[in-house]
Amino acid sequence: GENVEQHPSTLSVQEGDSAVIKCTYSDSASNYFPWYKQELGKGPQLIIDIRSNVGEKKDQRIAVTLNKTAKHFSLHITETQPEDSAVYFCASHPPGATNKLIFGTGTLLAVQP
Amino acid sequence: ETGVTQSPTHLIKTRGQQVTLRCSSQSGHNTVSWYQQALGQGPQFIFQYYREEENGRGNFPPRFSGLQFPNYSSELNVNALELDDSALYLCASTPGGHGSEQYFGPGTRLTVT
C-alpha cells in the first residue's frame, strides 16, 4: 500500500545551522507533498507544500525540493532558531478523489541555542 | 491559528463506552477530514466528509463513524471503545477540491482505560 518513509527520526543542530529532513514516497502518481510542524500539545501546522509539477519551492528560511524520478522530497531549514524545535512531518497525497494524506513517522528537531 | 476548533480538548473513557468528538471547520471550508494520531506516530486518515456525506475512508472499522452538518462542522463517533483507540484525534478542513491544503485543529486527546 501507500507508504512514506521519513529520516532522520531525530535531528539536533546548533542555532544558525541548517537542517534537512528527507522523505520517500511509494506511489509514483502522488501529486501533492505538504510539510507540517507540530509543537507539543498542538495540531500539525502546514508550513510549506509542493506539487508534482514543481521541483523546488522556497519561503523565507524554509525550502522544499522534489525529485519525482527518485520519489524523494526534502525539507530544508536554514539559519535555524530555537523556536524551530518541534516534530516535523512530511506527507504525500496519493491519487484519488479524497484529501487523504499519507504521513511519515516524524522528525524531532532540536535546535540548541 | 488555523480557525479550526475541536472539542473537547481531552477526555477519558472506559473500554466499551462510546464517544463523540466535535470539529468546527475554518470559515468557507466545505470538506472535513479526520485523523488518528497515536503517540509518537504520524496522523492516520480515518475518513472525509464533503457536503454532509462520507466520500473516502481509511483502514478503520465501522465502529468509527461521522457526520457533517450544513454549516460544515463535523462529528466523529467511536463505539465500543478499545484501549488501542487512545490517541490524539485531529480534524482538518480544506477549502475544496481534492489535493488542496489541509488545516488542522488542535486535536482531542482521548484516553481509554
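Chains as they are written, first to last, in our numbering: chain A, 59 to 171; chain B, 1091 to 1203.
Quick reminder that beta carbons are idealized off the backbone N, C-alpha and C, glycines included.
Here the structure is a predicted model, which is why all the values come from computation and not from measurement.
About 6 Å separates the beta carbon of V71/A from that of V169/A, a gap short enough to meet the 8 Å contact definition. Interface residue (Cβ-Cβ distance to chain B less than 9 Å): K158/A is classified as such. Just measuring C-alpha positions, the residue of I1136/B, L1111/B, G1118/B and D1174/B sitting nearest Q1126/B is I1136/B. Taking C-beta separations shorter than 6 Å and ignoring five residues to either side along the sequence, the partners of T68/A in its chain run L166, following chain order. Put simply, of S1183/B, P1196/B, G1197/B and E1191/B the residue whose alpha carbon is nearest the alpha carbon of S1117/B is S1183/B. Around P1185/B, the same chain offers H1119 as residues with beta carbons nearer than 6 Å, after the five sequence neighbours per side are excluded.
In terms of beta-carbon proximity, G113/A stays away from the interface with chain B, with every pair separated by 9 Å or more.
Per the coordinates, the alpha-carbon of V122/A lies some 13 Å from the alpha-carbon of S76/A. L1178/B carries a strand assignment under DSSP once its states are collapsed to helix, strand and coil.
A Cβ-Cβ separation of about 7 Å places N1167/B in contact with G1156/B under the 8 Å criterion.
Residue range A144 to S150 is occupied by the beta strand (DSSP E) that includes A144/A. Pairwise C-beta distances place the segment 144-156 of chain A in contact with the segment 96-108 of chain A, as three or more of them are shorter than 8 Å. For the pair T82/A and T163/A, the Cα-to-Cα distance works out to about 12 Å.
Within chain B, no residue has its CB atom less than 7 Å from the CB of K95/A, the nearest being about 11 Å off. Straight-line measurement puts the Cα of A87/A at about 12 Å from the Cα of A128/A.
Just so you know, the alpha carbons of G74/A and K116/A end up roughly 18 Å apart.
Per DSSP, the beta-bridge partners of N125/A are H130/A. Shortest Cα-Cα distance from C1181/B to any of R1112/B, P1152/B and S1190/B involves R1112/B. Looking only at F131/A, D85/A, H65/A and L124/A, the smallest Cα-Cα distance to P153/A is reached by D85/A. Excluding five sequence positions before and after Y1193/B, the CB atoms of its chain that fall closer than 8 Å to its own CB belong to T1092, G1093, V1094, Q1116, H1119, A1182, S1183 and T1184, given in chain order.
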